[in-house]
Structures are given as C-alpha cells and as structure tokens.
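Listed in order, the protein sequences are those of chains A and B. So the first sequence is numbered by the working numbering: it starts at 17 and just counts up by one. So the second sequence is numbered by the working numbering: it starts at 2 and just counts up by one. C-beta atoms are modelled at their ideal positions from N, C-alpha and C, and glycine is treated no differently. Just so it is clear, the structure is predicted and the values come from calculations on it, not from any experiment.
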Amino acid sequence: GLSRSLKIFLGDMDAPVYQLTAPDKMETMTVQQDATSTVRPFVVCAILRDVAFTPERYASFIDLQDQLHRNLCRQRTLVAIGTHDMDAVRGPFHYDARCPDDIEFVPLKSSDDTAGQAFTGRTLLEHYETHPDCKHLKPYVPIIKDSSLYPVVLDNENVVLSLPPIINGDRSKITLDTKNVFIECTATDLTKANIVLDTVVTMFSEYCSQPFHIEPVRVNYVDAAGTTTKSDVTPALSTRRVQAGVDFINSLIGIQETAERMVELCNKIQLGPATLEVGPDGRQQMLEVCVPPTRSDILHPVDIAEDVGIAYGYNNIVKRVPHTNTVGGEQPLNKLGDLLRDEIGRAGYTEVLTHGLCSVRDNFTALRKQITAAVSLSNPANVEYEVVRTTLLPGLLKTLQHNKSASFTAGFKLFEISDVVLPDDRHAITGTVVGARNERRLCAVYAGPTSGFEVIHGLVDRVLTLTEVAPEEEYGSNSTKGDEEKFRVAREGWCYTIRELTAGDADAGTYFPGRAAEILLTSPSTGGERVRIGTFGILHPEVLSAFDVGYPASCLEINLEPLM
Amino acid sequence: FFLLRSSTPRRQATMSAEEAAILTHLSSRPDAAIEDTLTWSDQSKLDHKAVVGAVKSLQADAYVTASDLTKSYFDLSAEAKDILANGSQEIIVLGALCEAGEAGISMPDLQAKVGKNVCKIGMGNCMKNKWAKKDGGNLVATSSLADVTDEVQAHLKALADAGGSESAVDAKTVQALKRRKLINLVTLKSYKVGRGESYAPVRKKKAADLTKEMLDSGAWKTTEFKQYNFQTLGEKVGGGYLHPLLKVRAEFRNILLEMGFHEMPTNKWVESSFWNFDSLFQPQSHPARDAHDTFFIKEPAQTVSLPEDYYDRVKTMHEVGGSGSIGYRYDFKREETLKNLLRTHTTAVSSQMLYKLANQEGGFKPARYFSIDRVFRNETMDATHLCEFHQVEGLVADYDLSLGDLIGTIETFFKKIGIEKLRFKPAFNPYTEPSMEIFGYHPDLKQWTEIGNSGMFRPEMLAPMGLPENVRVIAWGLSLERPTMIK
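Shown next as structure tokens:
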C-alpha cells in the first residue's frame, strides 16, 4: 500500500479504480435476522477471484487481518473477519445464531493434541479458555460466552464454516494454493463492517488475475417468517464525490494556491479525478474530489483541506500569529498557591510533588482513620493506586520514608500544595455533576530530634498572616507581639483561632493525644461562624511506624479554598 | 554540619600541660630539641598521643618545627617466640614421627605427644612439604630430620636479630610469616621537635573568628587571628527549595500569560467520558477509551447530570453528522458517555471552556486559553512512564484562523522556552484536523525529538457547542516533564 501511494504521488502510476464484477450468478448470504440480532446482527461478504498467493503475500494477508482485528475491529468486538477457500465450500451461504450445544464444528488447528477434532460451541469455548496453547484466542471468548445463541456461518450443506468472532473452520482454511477467497465480516457495527471489508478487498484485490476487480455477494436479511426485509450487495466499495471550497482550503491551511494547482495535488494524493465546480452561490469555486473506499477517515471538507496541506508541505506554510489581542490572566486559586509556595519555600521547607493516587491503606488505615468514601478506580494498574487521595499527608510521609538517609538533626521540613478529590454529588461544573470535586490543600511536615510542634504551629500562623487573616483577640493575646504585628494587613471581617482537637474527632486518631488542634476561620462567607479549615499536631507514633519514619514529626493540612 | 560551625572557636587561649612542657623543654637554649617525642613522653610521664596533638597545634602557629621520625618494625607473636626457642611445629612433628620409626604413629598418640595445636599445624605442613605420609591409620615419616632445615625458625631468627627491620627478610617470606600470624607490622609515629620561627616560652593562642565580645571590648585591635584557609568551600546556604518541575511550571505559566493567554480552571480530575471524549468527537469505539489506557472509576461510576440539549447535539453529530460532516454513523450509547474516569488530558476542560465561550452572555468573543495540570493514563510504571503527568495546553479561538497561525503561535511559544528549530509532521488525532506532531532539534543530542502535538479542532466538535461557523480553534499540547528532562 505504501509503495503504491508513493508511485502515484510521484506520478509513476495511476490511482487504482476498484470495480465490482458482474458474475453470471451472484453468490448469496442469507441472514436469519431474528437469531443473529441477539448476538451479532450484521454480515458483509466479498469474493476475490484468481488470487496469486506467495509466502510473502500470504503472511501479509494474515497480518492485515490481525492489524484490523486489533484496531478498527476493537479486538473483534465490533467486527470479525473470516476468510475461506471458495473452492472448498459451496454457496448459498447462511448466517445464523444457534444454541451452543447444537453447533458441531472442526476449527482451525490451535493446539497439537486437538487437530482435526470436532467440538460443540460450548466445549470449544471451554477449550480455548483453559488450554495453554490457546492463550491468543482466550481474550475473545467473553465476547459471546454468555449469549444464549452463538453466531455461525454455514454453507449450503449446513456445515459450519466459522464461529465468529472466535475462529474459522478447518475445512475452508486458506493455503498457499488457494485461488479464490470468500471473505465474510460479521459485526455489531455495520458502518465499521463495511469499512473493514472495503479495506481488506482494496488491499488484496491487487493480486487478483484482474487487479482491483472484486466479486460482490448479495446479503439478504430474512425475518422469522422467511420474508426478506433487506437486501444489500457487498462490498459497499463506497466511492463518494465530496466538495470543498477553494477559498475555504486556502484559508484553513493559510496558503494561496490556485484552484487548478489544487486539482493537480488531489490527483497526486489519490483523491482524483478532481474537478472544479461552481458553488451554490453561483460564484464560489468548489474543488470536487473523489473519495475512494480506502479513505474512510474523510468525513468533512476539512479532511480534504488537510490532504491538500500535507501535499503542499506543512513546513512550507507561511507562519502568522492570530491578530486579535487578548488579555492574559491567572486562576486566582493557582495564583494564591504559587504565592504561598514561594513564601513557604523561603521559610525553609522543601517542596515535594507526590502522586494523586494511593492505596486505601496509606490514605486511611495507616493514618489511623476510618475508611470512608473516596474516589476509587475500577482498573488500577497496581495496588498502590486504588483511590484518589483525600489527604496530602501520605505523600509527604512516604517522602520522609524514602529519605531516611538524610540528616534529620536540624529538622527535615517538607510541603506540598496540590489537590485532593472528595466525593460530592452536588458540585456542578459546566452543567455537569460527576459526583466528585477537587479541593486545593496545603500540607507540611516537620521531622527531627523533637516533634517540632511549635515549628508547624508557627507555619499555621504565617500562612494565615500571609493570606491577611488576623488572629482572634483572645488567641493572640498570650503571645508577646513584635512590632510587625502593628503593621499587619488583615482583611475586614476575617479572623482565625485554634482549638484543641477533641478525642472523638474523625481526624484525632492521626495525632498524638492532646497534641492536635483544629484551625477555625471566620470570614464574611462563613456568616460569622467559625469553620474548620484544617488541623495540625504531633503525629501519632503508630502513624510514624506505619510509614517507617523513625523520628518524631508534626504536620499540618489546610484547605486553601476558604482563604480565597 | 550546622553544629560544627555553631560551636564557636575557643576564645580563651588556655595552654595544655603538654604544650607547656614542650615549650619549657625548648626554652633552655635556642637549639634545644626533643630528639624523639616517644622517649621524651615516657621520661616526662606524658601521654604520647596528647604530646603529638600538642606538637601539631604548636607547629600550625610556627612555635615549633617537627620532623617525622616514623618507623615501623615487625613484632614477633607469642607463637613465633615459641618457634625461636623450640623449632617450628612441623620440625617437632617430624621429630616425633622419626622417633616412632617405620611403623609410624596414630593421630591420637601424636596429639598426646606434641600437643593438639602443634600437631594440627605441624602435621599439615609436613604433608605439604611431603615429609610424611599416611599409612593406614598411622602417620609415617618420609624424611629424616637431617634431610630438612627449619626455614621458619631461621627466618624468624633473622628478623629478631635485625630488631624487626623490614629489610631482614624478602617480601615473599614476610607474606608467608604474616599468613601464619607469626609477625605483625607495628608503626611508631614520633617526631623530633625544635624551635619554630614564632617560638615563645608561653603560647598565645590566635583567634579563629571575630566575635561580638571583641567588638564590645575592643580586643579585636590586639588579638592575633589565625590564617584563614581559603581553599575550602563555603557553608551550604540551607533554606527551602521549590520542586524543579513546578519551577518549570511557573516559568511556562509566565510565558503563556505574556502571550495573552488566560488560565483555565483545571482543578477537576474526575471527568465524564462525555467531556473527556464524546464532546471532542472521539468515537465511542476509539481504542484510547479502552481500560488499557484510561483509569475508569468504580465509585462514583456514573456522571449524575449533563447539559442535555448539548448532549443531544453531540449525539446527533456522532450518529449522523451535520455541518458538512457525514458523522461516524454508529449507535451512540448514553451509558458510555456517562462513564466516569480520571481525565486523560486537560482537553476535557478546554472543551468546557469553548462550550462556555460559545454560550456566554453577548456571544462568542475571540479568546486564548492555557492550562498546566495533571492528567492520568493507565500505564505500567517504569523509569520513563508515569501514570500521572502534567500536560501543558494552549488554544486560540478566533475567526478564520489557519494552520499558519498555529505554526506561528507554536513557534513563538517554543522560542520563549528556548527551542528554536521546529519541524511539523502530519499526524492523526480523532478531534483535530489538520493535526501536526511538533519536533524540536536538540543541539546536544544532535537529533530531532517529538516535543508536542497540535491541530485545529474539528468542525464536528465546535458546531454542536454553538460556535459561529467561521470560528476556528487552534491548539497545541506537550508534557511538562519532557522539556524539564531535556533542560
């Protein structure tokens, strides 16, 4: 395919024109609609005549099917391709779905010990699920395993040709000597089935004695009463003529090509024969191109414009910058975070960046907390990533654990400003409620020869001073105030205090008894009430040992959002 | 480290007893000397280690000169002294065997005769030297005492006679004797000490640092200061540190702000498949939506509510197309769109911003947006793959934008972060058309590396939002980690 495209682009070859042949008698595929609709409703078919296989072409034919199964067919869930030696079977063909125990079938050899052996639908799937040689087929078993009916493709004698989407029959297998190939694609998505079949036949019809000629098959859908409800001729080989405005293309790509030059480019990139038409307004020049069946990606005129752009060469486009002036701006929450990061760094703390995902153990039990609701993953990559953290503390404690060799004698100080995620079934953004919300937090730890409670307490006061919140009258009155207090900037109506955390508090277990406090904020938005924005204290020795930290430590965790 | 410095240098120059004794000894006449500190310490009843310490300290201030008298000699172990007196174990054993005659002697009898230790070592060496053999249970001599010489004893004697001097025997012999733990090298460090150029009978210790007390008392005027060693590094400054990746984040934020971009609110990690994929016109059967690539959420598994009229327009676009597109032509499933996940890109937020831009009061106005925030991919972790990383994203929404605008904007951005040479390669992306991979030239590695992705959002994405038909949106993205690593 690649070398063919290059030859056409360089003008050494004409773009292929795919043609459906007109056989004397068209092969038919009859679909038992009521049965197949329960599991895999659609089928499309085609025949390639007088194919000359060589070992390379044969390998490439198998490889193409594997690639398609993996990508477009989404691991065969959407489409499954079955290919058969046309001379080993006879039409008319049938597509049906039958009870697993009623299906009798000799599949292609998948393990040495079962070559040529017949299975029922049920025993075959069990065999593939368990046999060590069938690992490559095992992933497809669940696609139909639990259906009451399994899909089957049958020949005129009611012999099973394939059990899609799992495996083909042994009788009709393709060999190097095969001349005529019957292709069936069963599917849950008809659009995709047509694209897949078009891809297979356009790629391989090149090797037919009459290149690019494909023999069609009539597919009849019949209902329970035997009435034909729909009759298609496949492959669709859909060739469309699509228009895109010359001005539109020039404007989108940022070039000034003439209409005639665009026609030339389109012929080079297999969108020919291209013509020029007049648009509906009677003035606009329209480029009309022919979209071959190989180009299922072309949905809109922008796709034509892109191809013209690629043919022109992206690196040849003249650079510009958008002309409208706009004013930049920060998110206030990010701005606050960055200002605090600078200040806390200046206060001697080292910033860390830890994972948002963690284990249930680290997030709850290791912190001596009850396991409560958290956003949990359905397919975690490993046990370390079971939930989205609801606290920043585990990340900092793990950092301490991994820096055991560092010197703690002068005190080891860490901090992080980042998000936690909390379940919340009311929080709406852009009219959407997902059931969770982020919360921006500050967490800091001190670990050293002594607990450093007063160090962390000092950081609490510093952070609130920086966010222009004054201590409540009583709270600050016991301390000797320096002159700086006189010049403190505080917001009107904002103040804070701290209070010992009661033993029964949900956060109390993390801290050493009698050495933990809550930080209470009063602001215009709390309606004069004190609202908890965080806690701090000496960490409980069992928490320290759960994270393998050998030094006493204190920590604080504050929700920054109420300080905005 | 901190403690080392904070223990301020001794202010008062108190002389130690050793220092005093040395200086006194040298005071008798100008050429007075201590010939050997070792013998002198013994005579003066001082600890030699302390004396050496005092000599070093005085030498630093040039009160004394000191020349090295270090010597080493081999000391004979108790076993070696035994050999000197009685002969080596193998000779003793051979003697016993010869005495026993041709019948030989049994092991227990030999042990009883010469002792357990002598028997063990001597027997082994006799066998090695082929002086004896085993005959049944007995040991029989194959050489007579007259045929052999006791080399070990001879070597030890030579050493002992030379006072343990290293030159008494050859190196190979030294090795062999050492292996038998018969000799041990002893090093004696001692000095010959004489007057130095700054000699004085009483020492006045120089100050190491200028102190507050010296300023207060004025003592700095008369104090002698030690010479400072300028060839050592200064003390670490201490203080805190910001995370390197987040420093780069701050740098990139500034650049984008300078370029007139407005930051998007990306503090939303849990997203619906609708905003993460469907609103971007990414088909529901796209492989990126596999559990292999995306973290889906068990709890809360489903999005509770969506803007329904917009949802209908998105669904129609997927199923039958519109605005010039033929759509993807498949059955759009609501249960698929409601599946919650951890966002795989910040484009999930960009699409919400564009939706708001289209529906804001007063209608659409041109805008530039950016964000730098965390995204999640279900990757197996290794040195180069993390399941969480930071995405930098920029976008411009304006009338009649072109691919040329995108290239120009990207070049401006990368020039500001120090990457000058760029190339663009066509790429495929489900929600941009045209799409381009961005390659940057790495001058040190001398090669082109992929540094980002870009494109113009598809009309099928923009039309359902309600943006005017000739509004186009150009966008580019990169990971924050990649350029940080390159830098």
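Separation of residue j from residue i, as counted between CA atoms
i: T215 of chain A; j: S254 of chain A; result: 11 Å
i: M102 of chain A; j: R257 of chain A; result: 34 Å
i: V479 of chain A; j: P158 of chain A; result: 56 Å
i: G325 of chain B; j: A476 of chain B; result: 22 Å
i: A349 of chain B; j: S280 of chain B; result: 8 Å
i: E558 of chain A; j: L482 of chain A; result: 33 Å
i: Q49 of chain A; j: V238 of chain A; result: 6 Å
i: H391 of chain B; j: L458 of chain A; result: 19 Å
i: K351 of chain A; j: D332 of chain B; result: 44 Å
i: S352 of chain B; j: F278 of chain B; result: 10 Å
i: T250 of chain A; j: L481 of chain B; result: 49 Å
i: L404 of chain B; j: N379 of chain B; result: 32 Å
i: T244 of chain A; j: R369 of chain B; result: 57 Å
i: P396 of chain A; j: E402 of chain A; result: 6 Å
i: D378 of chain A; j: P410 of chain A; result: 6 Å
i: P10 of chain B; j: A34 of chain B; result: Only weak support is given to the placement of P10 of chain B: the predicted model assigns it a pLDDT of 40, under 50, and the value that follows is read from those uncertain coordinates. About 31 Å.
i: V52 of chain B; j: G197 of chain B; result: 16 Å
i: R336 of chain A; j: T410 of chain B; result: 7 Å
i: N419 of chain A; j: F563 of chain A; result: 12 Å
i: G353 of chain A; j: T513 of chain A; result: 22 Å
i: A321 of chain A; j: I265 of chain A; result: 5 Å
i: L18 of chain A; j: A134 of chain A; result: 41 Å
i: R442 of chain A; j: V449 of chain A; result: 7 Å
Cβ shell of residue i (< 7 Å), same chain only, five flanking positions each side left out
i: K161 of chain A; result: L141
i: A159 of chain B; result: A169 and V170
i: V187 of chain B; result: S73, Y74 and D76
i: A22 of chain B; result: S45 and L47
i: Y365 of chain A; result: K429, L430, F431 and A460
i: T40 of chain B; result: none
Whole-Å CB distance - residue i paired with residue j, under 8 Å assumed
i: P167 of chain A; j: P180 of chain A; result: 5 Å
i: D28 of chain A; j: G107 of chain A; result: Contact doesn't hold; Cβ gap of about 40 Å is too wide.
i: Y373 of chain B; j: R473 of chain B; result: The identity of residue 373 of chain B in the sequence shown is Ile, whereas the question assumes Tyr. That belief does not hold up - the Cβ atoms of I373 of chain B and R473 of chain B are roughly 24 Å apart, past 8 Å.
i: S89 of chain B; j: A55 of chain B; result: So it is not a contact: roughly 46 Å between Cβ atoms.
i: V115 of chain B; j: A97 of chain B; result: 5 Å
i: K298 of chain B; j: I418 of chain B; result: In the sequence under discussion, the amino acid at residue 298 of chain B is Ile, which differs from the Lys named in the question. No, I298 of chain B and I418 of chain B are not in contact; Cβ-Cβ is about 34 Å, not under 8 Å.
i: E362 of chain B; j: G345 of chain A; result: 18 Å between Cβ atoms; not a contact.
One or two residues paired with residue i in a DSSP bridge
i: S126 of chain A; result: The partner list for S126 of chain A (beta bridge, DSSP) is empty, contrary to what the question assumes.
i: E359 of chain A; result: DSSP lists no partner for E359 of chain A.
i: L527 of chain A; result: The sequence given here places Tyr at residue 527 of chain A; Leu does not occur at that position. According to DSSP, Y527 of chain A bridges with A:L555.
i: P427 of chain B; result: B:M437
i: M45 of chain A; result: A:F109 and A:V235
i: A389 of chain A; result: DSSP output for A389 of chain A lists no bridge partner at all.
i: G478 of chain B; result: B:E394 and B:N454
Nearest candidate by alpha-carbon position, reference residue i, set the options
i: G467 of chain B; options: B:R254, B:P484, B:Y311 and B:T25; result: B:Y311
i: E545 of chain A; options: A:H556, A:D564, A:P578 and A:G520; result: A:P578
i: S306 of chain B; options: B:N230, B:R314 and B:T338; result: B:T338
i: D313 of chain B; options: B:K334, B:D210, B:H244 and B:A302; result: B:K334
i: V176 of chain A; options: A:E231, A:D149 and A:P116; result: A:P116
i: R234 of chain A; options: A:T466, A:K41, A:L438 and A:E455; result: A:K41
i: L393 of chain A; options: B:V175, B:T295 and B:T223; result: B:T295
i: E496 of chain B; options: B:G241, B:S286 and B:K426; result: Residue 496 of chain B is absent from the structure shown; chain B starts at 2 and stops at 488.
i: D43 of chain B; options: B:S191, B:A142, B:V321 and B:L402; result: B:S191
i: L407 of chain B; options: B:G478, B:H346 and B:P266; result: B:G478
i: V149 of chain B; options: B:I92, B:F231, B:E394 and B:C120; result: B:I92
Nonlocal neighbours in the same chain, by C-beta distance under 6 Å from residue i, ignoring five residues either side
i: V461 of chain A; result: L412, L430, A569 and C571
i: E400 of chain A; result: S375
i: Y329 of chain B; result: P284 and H319
Sequence-distant residues of its chain with Cβ nearer than 8 Å to residue i (five each side left out)
i: L85 of chain B; result: L77, Q154, L157, K158 and A161
i: S221 of chain A; result: Y34, L64, P227, F228, H229 and I230
i: T413 of chain B; result: M260
i: G530 of chain A; result: E516
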